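**Student:**
Residue numbers (our numbering): 6 to 261.
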């Protein structure tokens with residue numbers, strides 16, 4: 006089985022477009038559909054024909070091109086059951102723990118409420134790929150619009166259980182801002198300081214900061230490091246619960 010090919014590009018102002026292609030079958034999935042023009046151009050650039058859209062959540066900047074792409078390509082749209090009524094053109098709804106086939110591979114659905122109530126991530130174990138959209142960012146997490154911090158912490162625990170070498174594709178280029186904030190709550194972390202410099206260099210060179218890995222996030226993402234003694238001491242929350250520390254970090258980011 007040949008590895009899946011991935012094309013990453015910008016949509017709108019800061020959304021990542023991601024196309025996932027199997028060179029054997031020709032199957033091609035778009036992770037969400039932020040912008041018709043950017044996605045069509047990326048597919049044409051690679052000579053691919055869109056067959057699927059894997060929708061992660063209902064926000065307009067992730068579903069805006071669903072109907073246009075479906076009309077042009079006849080692609081199948083999958084998305085979270087809990088948000089089915091809000092996802093244009095949905096063909097099949099999926100729930101936590103569901104599995105479906107794509108290009109001879111098993112795609113597992115991981116429900117990650119927090120950013121929205123029904124947000125899902127898609128995990129392909131055979132290729133070590135996680136498509137996390139607006140749940141997990143490089144050194145960050147999505148803003149909590151529809152569920153409390155405790156729910157998002159539970160979602161993060163699910164993702165932290167994946168293998169460390171899992172490549173993570175996220176939904177927005179927020180990495181510089183996330184790094185700057187992370188340093189305010191985890192200033193004594195040398196790996197984080199080094200990574201902050203690396204991502205700044207990437208962006209200054211016009212390069213993307215995607216993908217990351219679960220292992221790297223465990224070392225540098227403050228939302229995955231809520232048990233860390235240094236972070237807890239810095240926050241004055243030495244004896245607090247993990248979910249309370251998570252909530253405090255997210256509140257500080259909201260006001261950053």
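Glycine included, C-beta positions come from ideal geometry on N, C-alpha and C. Source: prediction; values computed, not measured.
#1: Beta-carbon separation of residue 49 and residue 28 under 7 Å?
#2: Per the contact definition of three or more C-beta pairs closer than 8 Å, is the region 75–83 in contact with the region 50–67?
#3: Per DSSP, residue 227 forms a beta bridge with which residues?
#4: So, under 8 Å CB-CB, residue 217 and residue 208 are touching, yes? Tell me the CB distance rounded to an integer number of Å.
#5: Quick one: what does DSSP say residue 113 is sitting in, helix, strand or coil?
#6: Is residue 168 buried or exposed, if buried means 16 or more other CB atoms sit within 10 Å of its CB?
#7: I need the boundaries of the beta strand (DSSP E) containing residue 164, first residue and last residue.
#8: First and last residue of the beta strand (DSSP E) that includes residue 82?
#9: When you compare only the Cα positions, how much space is there between residue 93 and residue 127?
#10: Taking contact to mean 3 or more Cβ pairs, one atom from each stretch, closer than 8 Å, check whether the region 35–48 and the region 66–73 are in contact.
#11: Determine whether the beta carbon atoms of residue 176 and residue 122 lie at a separation below 7 Å.
#12: Under 6 Å Cβ to Cβ from residue 26, same chain only, skipping five residues before and after it: list those, please.
#13: Based on DSSP bridge pairs, tell me the residues matched to residue 258.
#14: Would you be able to state if there are at least three C-beta pairs under 8 Å between the region 139–154 and the region 226–239?
#15: Of the residues 115, 64, 77 and 182, which one's Cα is nearest the Cα of residue 42?
#16: To the nearest whole angstrom, what separates the beta carbons of residue 184 and residue 201, a pair I think is in contact under 8 Å?
#17: To the nearest angstrom, report how far apart residue 103 and residue 136 are at their CA atoms.
#18: If we count the other Cβ atoms within 10 Å of its Cβ and call it buried at 16 or more, is residue 180 buried or exposed?
**Tutor:** Considering the structure as presented:
#1: Position 44 of the chain shown, counted from the first residue, corresponds to residue 49. Position 23 of the chain shown, counted from the first residue, corresponds to residue 28. No, they are not a contact pair.
#2: yes
#3: Taking the first residue of the chain shown as position 1, residue 227 is located at position 222. BP columns for residue 227 are empty, so no partner.
#4: One-based indexing of the chain shown puts residue 217 at position 212. One-based indexing of the chain shown puts residue 208 at position 203. The pair is not a contact, with the Cβ atoms about 14 Å apart (cut-off 8 Å).
#5: Residue 113 sits at position 108 when you count from the first residue of the chain shown. Strand.
#6: Start at 1 with the first residue of the chain shown, and residue 168 comes out as number 163. So residue 168 counts as exposed.
#7: On the chain shown, position 159 is the one that residue 164 refers to. Note, residue 164: premise wrong, no beta strand (DSSP E); alpha helix (DSSP H) at 154–165.
#8: Here the question's residue 82 lines up with position 77 in the chain shown. From DSSP, the beta strand (DSSP E) with residue 82 extends over 81–85.
#9: As a working note, residue 93 is residue 88 in the chain shown. As a working note, residue 127 is residue 122 in the chain shown. Between residue 93 and residue 127, the C-alpha separation is close to 19 Å.
#10: yes
#11: In the chain shown, counting from the first residue as 1, residue 176 sits at position 171. In the chain shown, counting from the first residue as 1, residue 122 sits at position 117. Contact flag unset, no.
#12: Locating residue 26 in the chain shown gives position 21, where the first residue counts as 1. 10, 33 and 53, listed in sequence order.
#13: Here residue 258 is taken as the residue at index 253 of the chain shown, counted from 1. According to DSSP, residue 258 bridges with nothing at all.
#14: yes
#15: Locating residue 42 in the chain shown gives position 37, where the first residue counts as 1. Considering only alpha carbons, the answer is 77.
#16: Position 179 of the chain shown, counting from 1, holds the residue named residue 184. Position 196 of the chain shown, counting from 1, holds the residue named residue 201. That pair is a contact at about 4 Å.
#17: Within the chain shown, numbered from 1, the residue matching residue 103 stands at position 98. Within the chain shown, numbered from 1, the residue matching residue 136 stands at position 131. Distance between the alpha carbons of residue 103 and residue 136: 15 Å.
#18: Counting from one through the chain shown, the residue named residue 180 turns up at place 175. That one is buried.
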